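Everything below concerns the one structure shown next.
There are 2 protein chains.
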Amino acid sequence: MADTIKVLLPETEAPTHWYNLNADLPLLGVELPPVLHPGTKQPVGPADLAPLFPEALIAQEVSTERYIEIPEPVQAIYRLWRPTPLFRARRWEKALDTPARIYYKYEGVSPTGSHKPNTAVAQAYYNAQEGVRRLTTETGAGQWGSALSFACQAFGLECKVYMVRVSYEQKPYRRVLMQAWGAVVVPSPSNETEAGRRVLAEHPNSTGSLGIAISEAVEEAASRSDTKYALGSVLNHVLLHQTVIGQEVIRQLERAGADWPDVIVGCVGGGSNFAGFAFPFLAERVRTGRKTRIVAIEPAAAPSLTKGVYTYDFGDTARLTPLVKMYTLGHDFIPAPIHAGGLRYHGMSPQVSALYAAGLIEARSVPQNPVFAAALSFARSEGIVPAPEAGHAVWGAMQEALAAREAGEARTIVFNLCGHGHFDLSAYEAFLSGKLEDFEYPEEAVRKSLEALPQI
Amino acid sequence: MADTIKVLLPETEAPTHWYNLNADLPLLGVELPPVLHPGTKQPVGPADLAPLFPEALIAQEVSTERYIEIPEPVQAIYRLWRPTPLFRARRWEKALDTPARIYYKYEGVSPTGSHKPNTAVAQAYYNAQEGVRRLTTETGAGQWGSALSFACQAFGLECKVYMVRVSYEQKPYRRVLMQAWGAVVVPSPSNETEAGRRVLAEHPNSTGSLGIAISEAVEEAASRSDTKYALGSVLNHVLLHQTVIGQEVIRQLERAGADWPDVIVGCVGGGSNFAGFAFPFLAERVRTGRKTRIVAIEPAAAPSLTKGVYTYDFGDTARLTPLVKMYTLGHDFIPAPIHAGGLRYHGMSPQVSALYAAGLIEARSVPQNPVFAAALSFARSEGIVPAPEAGHAVWGAMQEALAAREAGEARTIVFNLCGHGHFDLSAYEAFLSGKLEDFEYPEEAVRKSLEALPQI
Numbered sequence: 195m196a197d198t199i200k201v202l203l204p205e206t207e208a209p210t211h212w213y214n215l216n217a218d219l220p221l222l223g224v225e226l227p228p229v230l231h232p233g234t235k236q237p238v239g240p241a242d243l244a245p246l247f248p249e250a251l252i253a254q255e256v257s258t259e260r261y262i263e264i265p266e267p268v269q270a271i272y273r274l275w276r277p278t279p280l281f282r283a284r285r286w287e288k289a290l291d292t293p294a295r296i297y298y299k300y301e302g303v304s305p306t307g308s309h310k311p312n313t314a315v316a317q318a319y320y321n322a323q324e325g326v327r328r329l330t331t332e333t334g335a336g337q338w339g340s341a342l343s344f345a346c347q348a349f350g351l352e353c354k355v356y357m358v359r360v361s362y363e364q365k366p367y368r369r370v371l372m373q374a375w376g377a378v379v380v381p382s383p384s385n386e387t388e389a390g391r392r393v394l395a396e397h398p399n400s401t402g403s404l405g406i407a408i409s410e411a412v413e414e415a416a417s418r419s420d421t422k423y424a425l426g427s428v429l430n431h432v433l434l435h436q437t438v439i440g441q442e443v444i445r446q447l448e449r450a451g452a453d454w455p456d457v458i459v460g461c462v463g464g465g466s467n468f469a470g471f472a473f474p475f476l477a478e479r480v481r482t483g484r485k486t487r488i489v490a491i492e493p494a495a496a497p498s499l500t501k502g503v504y505t506y507d508f509g510d511t512a513r514l515t516p517l518v519k520m521y522t523l524g525h526d527f528i529p530a531p532i533h534a535g536g537l538r539y540h541g542m543s544p545q546v547s548a549l550y551a552a553g554l555i556e557a558r559s560v561p562q563n564p565v566f567a568a569a570l571s572f573a574r575s576e577g578i579v580p581a582p583e584a585g586h587a588v589w590g591a592m593q594e595a596l597a598a599r600e601a602g603e604a605r606t607i608v609f610n611l612c613g614h615g616h617f618d619l620s621a622y623e624a625f626l627s628g629k630l631e632d633f634e635y636p637e638e639a640v641r642k643s644l645e646a647l648p649q650i
Numbered sequence: 195m196a197d198t199i200k201v202l203l204p205e206t207e208a209p210t211h212w213y214n215l216n217a218d219l220p221l222l223g224v225e226l227p228p229v230l231h232p233g234t235k236q237p238v239g240p241a242d243l244a245p246l247f248p249e250a251l252i253a254q255e256v257s258t259e260r261y262i263e264i265p266e267p268v269q270a271i272y273r274l275w276r277p278t279p280l281f282r283a284r285r286w287e288k289a290l291d292t293p294a295r296i297y298y299k300y301e302g303v304s305p306t307g308s309h310k311p312n313t314a315v316a317q318a319y320y321n322a323q324e325g326v327r328r329l330t331t332e333t334g335a336g337q338w339g340s341a342l343s344f345a346c347q348a349f350g351l352e353c354k355v356y357m358v359r360v361s362y363e364q365k366p367y368r369r370v371l372m373q374a375w376g377a378v379v380v381p382s383p384s385n386e387t388e389a390g391r392r393v394l395a396e397h398p399n400s401t402g403s404l405g406i407a408i409s410e411a412v413e414e415a416a417s418r419s420d421t422k423y424a425l426g427s428v429l430n431h432v433l434l435h436q437t438v439i440g441q442e443v444i445r446q447l448e449r450a451g452a453d454w455p456d457v458i459v460g461c462v463g464g465g466s467n468f469a470g471f472a473f474p475f476l477a478e479r480v481r482t483g484r485k486t487r488i489v490a491i492e493p494a495a496a497p498s499l500t501k502g503v504y505t506y507d508f509g510d511t512a513r514l515t516p517l518v519k520m521y522t523l524g525h526d527f528i529p530a531p532i533h534a535g536g537l538r539y540h541g542m543s544p545q546v547s548a549l550y551a552a553g554l555i556e557a558r559s560v561p562q563n564p565v566f567a568a569a570l571s572f573a574r575s576e577g578i579v580p581a582p583e584a585g586h587a588v589w590g591a592m593q594e595a596l597a598a599r600e601a602g603e604a605r606t607i608v609f610n611l612c613g614h615g616h617f618d619l620s621a622y623e624a625f626l627s628g629k630l631e632d633f634e635y636p637e638e639a640v641r642k643s644l645e646a647l648p649q650i
């Protein structure tokens, strides 16, 4: 298969189980600190989470089973686009004049154009199984909201999405996509919740924020017995559902006769695409001893791993969530408006954080202009126009390819292209016309925000 | 493979040749009338086309070889997304409560999201082979322009796209996509050509038209020795390059163990996706005697097959092109501004026209509201949001599925989903909010336009 570009996997070889990193953390020498109740500062129990999540997902959140079976109805929906293709970037390798062999996993073939439906479908399924009729969620630019809209449609659930008002008004296409799949989308802050009304009373023209939208979605779910809440990243069960990505990659590399990767690269915001891609490689390390460098790329505007501190913090701005130990820039920190909206998060998933603290993964940060330059170089060779989030992984892979050139080594590099940029072309336009602002590390804002960390 | 949804084809089984319908037309009892010079009314020769097209493409235009080898560099680019998947629409079948088995070929996985790169890549390759440095073309909504931009990037050609000004201003994302692949995009009418300057002198605020943009692109190509012109549909060689679609479908149906289709459905504008999908089924009819109904769906706003006349007419509004015998609504006819911009053409490819005249294919027309209703029903079951053009094929397949239900027959239906609707969500928004205008058959306008047909 010397000249193969696409490495496909038949449906019959699709993963039938999700891989649960928690089972292997002790074997990797990593400790995952418990999630704490914000009031008592004691570990939260299932009862604390029951108003928001169905039992099956709460069980997955704390499970230590190594493999958890993917229910057949979820697999059936996955088959609409999974297994996703793995590509060998032969043309880009030539363009970069590198001896490296570059592979990329492409999650943009999903109905919503990113990896998000992998967990949205699972979450909608378990909620439907337990008699939940409606799900609420928040969305910024719309990737997660559209994934949950699609998933709810698949299992006959109603879906209510609180969309940050500025995005609701400026990015109507993602909203239309959600509506096309039958979701109700309201601009946040709204008059439909106490949290929303409180903001509007004070700031009638508020353009909203992800923090406010979370508060609204959580409030509605907590106050209605037929409704629960869904989150698109950060939590263990969300990362768990994404592990189909990395499992497929490993099978596809075998099919392609590729060497075991020297390095794998993903972008990180909350951590879900990165985890889904990378965790199965840690399973291989445990099982077979085969190692690979694992590199996370984050935006300079929200560099939680490279510049944050590893401590207990709130997951949201409004301090409604439990306390989790994670790399954080402080829950008050609001990242600059970079186009990679999916990476604009002040914290990092606890699992990814624990791995980083243990030295099992590396991290680098980058401003957005180099990201778009790398993404464009990729698009001109490979055809696919990456989402700005995925562009961070492209940039990271490019650095590795250039390092391999420098070293004169035919290293094997694999990265996760977690989504396409069809809804992000205004960002490319800004880059092409030289009007894209770079946001460097906001040292002063982070310093101030870290002062407000909770005392544990 | 009872439960298979995706039918994949490995690269090793991708078609290595294009199928040339011209070879089989005599065996199908179909005559293809010659293309005439607009001045002499005599058949055009290669020399007449040489200023605009490279020799290889002119040779393909008139070839009667049954199979033409796809050059390896073209196959290498195809491999970035081809073979494209064939899906069994199991969930949509259930939603329609039909005993029919519905399959769809999905061309939306290409870099530009439609079938257009199949010919763009081939045309760019042959031009580069013959030392051409630049290509010009016109584009309306941008599907064809982005395909040619991508293809030129792949073979190191410059690309200049004259984009109808109203689209240039209202649909900036397709323009950005072209620029991302390195094309120069100018709003038409422009000051860069005689044709454009003439229009601007008379109408300084002209919003442009496809007819004007063609004139500008053709004028620039004809007046520069390093530049040629590329067309995205209608011509024989363009349709030829699209036949990878149908060849793949036939191999995929075999792999899936599917019955020979009772009916196949595609949408038609100029005819290229329809031809690429359907012609290989005619090859099977000639070779094996296996028949299938072949149905073309066109918009009620531009119903050339169902309401036009089969006669010699110009391909463009400005009467610059040779005369071709085709189903036409008259070259003066300007279709209403339906969202399926790719189907807004007054004529029909000569090959498709000849087949329709011979009774080998059927045709139906439909206004756009039923198209969007069908497309939404499809999107809610299958995930993929169809382009408005492809929505016509979805509507046609739905009619066949409902007819199968009525008849209580498990018919096999295959349709071509030629592109996704990621750049057409404003159309879905109009439909969802009940604001989408239906354009019925414009009887009076067509009658008037047909009066202006050239006399042969």
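Chains as they are written, first to last, in the numbering used here: chain E, 195 to 650; chain G, 195 to 650. Yeah, the Cβ is synthetic: ideal placement off N, Cα and C, and Gly gets one too. Predicted, not measured: the structure shown is a model, and the values here were computed from it.
Setting aside the 5 residues that flank it on each side, I491/G is surrounded in the same chain by V459, G460, C461, V462, A557, R558, S559, V560, H586, A587, W589, G590, each with a C-beta closer than 8 angstroms to its C-beta; the list follows chain order. Scanning chain G for C-beta atoms nearer than 8 angstroms to the C-beta of V370/E yields L619, S620, Y622, E623, L626, reported in chain order.
One thing to note: T331/G has its Cβ no nearer than 8 angstroms to the Cβ of T421/G. When beta bridges are read from the DSSP output, R558/G appears opposite I491/G. Interface residue (Cβ-Cβ distance to chain G less than 8 angstroms): G577/E is classified as such. For F471/G, the uninterrupted alpha helix (DSSP H) run begins and ends at 466 to 482, by DSSP. As computed with DSSP, H211/E is found in a beta bridge with E263/E. Put simply, the CB of I444/E is far from chain G, with every gap to its CB atoms at 8 angstroms or more. If you keep only unbroken beta strand (DSSP E) runs of at least 3 residues inside the stretch 254 to 335 of chain E, you get 261 to 263, 280 to 282, 295 to 300, 328 to 333.
Across the structure, W275/E and I262/E are spaced so that their CA atoms are roughly 21 angstroms apart.
Residue environment for H397/G: exposed (fewer than 16 other C-beta atoms within 10 angstroms of its C-beta).
In terms of Cβ geometry, Y213/E and P474/E form a close pair [threshold 8 angstroms]. Secondary structure of G460/G (DSSP, three-state): strand. In the structure shown, P381/G adopts extended strand secondary structure according to DSSP, grouped into three states. Between the stretch 309 to 316 of chain G and the stretch 475 to 494 of chain G, the count of Cβ pairs shorter than 8 angstroms is below three; the stretches do not touch. A distance below 8 angstroms separates the beta carbons of A377/E and C346/E.
Nearest Cα to G613/E within the set R599/E, A646/E, E583/E, S620/E: E583/E. Taking each of L222/E, D218/E, L203/E, Q236/E in turn and checking the Cα distance to I650/E, the smallest one comes out for Q236/E. When the five nearest sequence neighbours on each side are left out, the beta carbons in the same chain lying within less than 7 angstroms of the beta carbon of P311/G are those of S304, P305, A341, F344, A345, in order along the chain. Those residues of the stretch 260 to 276 of chain E placed with their C-beta closer than 9 angstroms to a C-beta in chain G are A270, I271, R273, L274, W275, R276, ordered along the chain. Taking all protein chains shown into account, N385/E has fewer than 16 neighbouring C-beta atoms within 10 Å of its C-beta and is therefore exposed.
At a beta-carbon threshold of 7 angstroms, the residues of chain E lying near P204/G are L202, ordered along the chain. Ranked by Cα distance from P648/G, the options I532/G, T515/G, S547/G are led by T515/G.
Per the coordinates, the alpha-carbon of W338/E lies some 11 angstroms from the alpha-carbon of Y356/E. Shown here, C346/E sits in a helix according to DSSP, grouped into three states.
Within the stretch 297 to 308 of chain G, contact with chain E at the beta-carbon level (separation under 9 angstroms) is assigned to V303, S304, P305, T306, G307. Chain E has no Cβ within less than 8 angstroms of the Cβ of W286/G.
In this structure, T387/E and E410/E form a Cβ contact; the two beta carbons are roughly 4 angstroms apart against a cut-off of 8 angstroms. In terms of Cα proximity to L280/G, the closest of A217/G, L290/G, V201/G is V201/G. Distance check between A253/G and each of I439/G, A534/G, Y320/G places Y320/G closest, using alpha-carbon atoms only.
Put simply, the CB of T198/G is near chain E, with a gap under 8 angstroms to one of its CB atoms. When DSSP states are grouped into helix, strand and coil, P580/G belongs to the strand group.
By the Cβ-count criterion, L246/E is buried, with 16 or more other Cβ atoms from all chains shown falling within 10 Å of its own Cβ. Rounded to the nearest angstrom, the gap between the Cα atoms of Y362/G and R369/G is 7 angstroms.
For Y367/E, there is no enclosing beta strand (DSSP E); the enclosing alpha helix (DSSP H) covers residues 366 to 374. Rounded to the nearest whole angstrom, the C-alpha separation of V608/E and T234/E is 44 angstroms.
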